[in-house]
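Protein chains in written order, with the UniProt record's numbering: chain U, 1 to 355; chain D, 1 to 355.
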């Protein structure tokens, strides 16, 4: 198994903390755990290079535009994974994933990212774009276009043509927004799928684990919370326990560009956990159940993208359509057919036990 | 076959016209063909009566609230069908359907309708509510809550608790809004399905048929346009050709509460046709193709509700998922699982022939 820490300067080893929100102390303290998530696939040409050749300093400057910093990084043969002050970044040969929470300005990076791909890698055209997020609990705290999905659409349209934009879930409760673009002349088809669980309202005893009061560091937290059991043996884990609270984890599966990433906002007043993976598991439905068993949220949203060539994910989507998740009541279920993918969106609420 | 015209006063025989829009003549002339559609199912109790006992004068006063009038009516054993100055109304024992176009104020009727059902029929509780519409081309011309779906949601929430509200289709193109409510303790399950086709951008030669210039009256129009071929033999057809343009048709299938309703806004600048049916056809997919062959729209939206007990509609939904519609490119496809129904929403655009 190849595992190398990238040798350029980082914040690793220093005391990590999430960037302060406007009210980071006192009764008004609030942190928006829900992430903005951007995934871009580039069209590989005979003369193009890997996105991984983009220099580290360019990457840090790119992330500066979003107002977040690299805390640590790990790599395997296929992908460079970064834990950020707010969430994560994954760079593989032709896929760039940036996930940022809080009041970060993710969409401010898009133009520069496309320039970097062109300048350093000769990656001149985009195959697929996915920009998604849960509705924010406090949209008025967001900066720039992130205050509303309509403004985010307009900003994305500045960079991409013919994107489609959807709202999944009832407009009257938690919902999930997606902007997506598929190049009409895409010569390549990616065998790919992504499972995301966006969980809210965690029990206090689960929240407590992700604090400096209970755990000394990230690795202790990973073990105590049972997160090490959520990934296959041999996974390279890179985790950070923030001071005073909060947890981020990237996992790289051996010899592949498969990753797991988990981010915990443990304040009980606005607790939030995201779990995301593109693991090649036959039954992502079982994986989802394991994650729920770990975090025990009162509510969660589930999204599962499956490309047409991804039979395991298709089977899991079918499961979701036909079966319930034990202990939960499904309050929304939607399918959407995209150009080369199917997406399932579901929302669940914990059943109330009446004894 | 029982067919009786309701004997109370109506506008039947007078020259029918759609209510004038603020700019009904001249270059600014515009008419919003896209209908607001409300369908309410009431919970039948041992002592309750049919909705059809509501007196005619109460019905006309109810429709006054929406700013539309009854033009003509037909009945069979199961249902009373009304052609309105703007679209249609169907009243059966426990189901009330009101569909109104232009700048009508459909949601102003809801409170009074619930009162009438309670007072005259002892129908005290609602089983299901569906309120839906296409996005308006000119929302700024709409009155009251109809100017935005958010305001419509708020108005519906004044009358119903725990409704869910969805936007289907890309926010960047034509889309379709749905507010729906399912009583959590519904003791009855309806075997039901509804197919709707909302068609825009019709060829000029199709538009021309639905004008007083080409046709003398509704029946001629029905025949010339081939609409009589879209319904089974024995269907009671009630149609109106408006002056100078526009067409509305209700069809009642023999001995059942199955209906077909078609409304045409034929002005080429903003042409629009809606087709709606709850016909008990095994293959609604074939029915959709016949309708498209008749109106040849450049774009259309299709919605198909199927209750869990409606195998024909389920099979048609599966068809839509797996197959294309000849001559059209699918630009959106979404499924949504409701409490006792599945809904498929799709949008299609005509393929361009390159010779």
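C-beta atoms are modelled at their ideal positions from N, C-alpha and C, and glycine is treated no differently. Please read all numbers here as calculations on a predicted model, not as lab measurements.
7 Å Cβ cut-off: residues of chain D touching residue i
i: residue 170 of chain U; result: 164, 165 and 166
Per-residue contacts from residue i into chain U (C-beta, under 7 Å)
i: residue 335 of chain D; result: 334 and 335
Buried or exposed by the 16-neighbour rule on C-beta atoms within 10 Å, applied to residue i
i: residue 22 of chain U; result: Note that residue 22 of chain U has pLDDT 41, beneath the 50 cutoff, so the model's placement of it is unreliable and no number is given.
i: residue 154 of chain U; result: exposed
i: residue 138 of chain D; result: exposed
i: residue 255 of chain D; result: exposed
i: residue 94 of chain D; result: buried
i: residue 36 of chain U; result: buried
i: residue 99 of chain D; result: buried
i: residue 323 of chain D; result: exposed
i: residue 251 of chain D; result: buried
i: residue 297 of chain U; result: buried
i: residue 206 of chain U; result: buried
i: residue 64 of chain D; result: exposed
i: residue 234 of chain D; result: exposed
i: residue 158 of chain D; result: exposed
i: residue 134 of chain D; result: buried
i: residue 318 of chain U; result: exposed
i: residue 291 of chain D; result: buried
i: residue 352 of chain U; result: exposed
i: residue 148 of chain U; result: exposed
i: residue 238 of chain D; result: buried
i: residue 276 of chain D; result: buried
i: residue 39 of chain U; result: buried
i: residue 78 of chain U; result: buried
i: residue 246 of chain D; result: buried
i: residue 61 of chain D; result: exposed
i: residue 257 of chain D; result: buried
8 Å contact criterion, which residue i and residue j should meet: CB distance rounded
i: residue 222 of chain D; j: residue 244 of chain D; result: Incorrect: roughly 18 Å between the Cβ atoms, too far for contact.
i: residue 195 of chain U; j: residue 113 of chain U; result: Not confirmed; about 24 Å, so no contact.
i: residue 310 of chain D; j: residue 191 of chain D; result: 6 Å
i: residue 163 of chain D; j: residue 179 of chain D; result: 5 Å
i: residue 183 of chain D; j: residue 125 of chain D; result: 7 Å
i: residue 337 of chain D; j: residue 338 of chain U; result: About 18 Å separates the two Cβ atoms, so there is no contact after all.
i: residue 76 of chain U; j: residue 193 of chain U; result: With 8 Å as the limit, residue 76 of chain U and residue 193 of chain U do not qualify as a contact, their Cβ atoms being about 20 Å apart.
i: residue 87 of chain D; j: residue 248 of chain D; result: 6 Å
i: residue 224 of chain U; j: residue 215 of chain U; result: 6 Å
i: residue 33 of chain D; j: residue 348 of chain D; result: So it is not a contact: roughly 18 Å between Cβ atoms.
i: residue 90 of chain U; j: residue 200 of chain U; result: About 24 Å; that fails the 8 Å criterion.
i: residue 165 of chain D; j: residue 105 of chain D; result: Residue 165 of chain D to residue 105 of chain D, Cβ: 19 Å. No contact.
Under 9 Å by beta carbon: chain D residues contacting residue i
i: residue 153 of chain U; result: 171 and 172
CB contact check: residue i to chain C, cutoff 9 Å
i: residue 348 of chain U; result: Although the question refers to chain C, the structure presented lacks it and instead comprises the protein chains U and D.
Subject >> At least three beta-carbon pairs within less than 8 Å, the stretch 82 to 94 of chain D to the stretch 137 to 155 of chain D >> reply: no
Subject >> Contiguous alpha helix (DSSP H) assignments of at least 4 residues, all confined to the stretch 245 to 327 of chain U >> reply: 284 to 295 and 311 to 322
Original post:
Mind pulling the alpha helix (DSSP H) runs of 4 or more residues that sit fully within the stretch 121 to 151 of chain D?
Top reply: none
Original post:
Are the stretch 102 to 120 of chain D and the stretch 327 to 342 of chain D in contact at 8 Å, needing three or more beta carbon pairs?
Top reply: no
Original post:
Below 8 Å, can you find three or more Cβ-Cβ pairs linking the stretch 263 to 270 of chain U to the stretch 170 to 180 of chain U?
Top reply: no
Subject >> Every unbroken alpha helix (DSSP H) inside the stretch 44 to 105 of chain D [4 residues or more] >> reply: 56 to 65
Original post:
Are at least three pairs of beta-carbons, each pair with one atom in the stretch 223 to 230 of chain U and one in the stretch 41 to 51 of chain U, less than 8 Å apart?
Top reply: no
**OP:** Taking 8 Å as the threshold, find out whether the stretch 301 to 309 of chain D comes into contact with the stretch 335 to 347 of chain D through three or more Cβ pairs.
**Re:** yes
Original post:
Taking only runs of the alpha helix (DSSP H) that begin and end inside the stretch 181 to 239 of chain U, which ones reach a length of at least 4 residues, in chain order?
Top reply: 204 to 209 and 218 to 224
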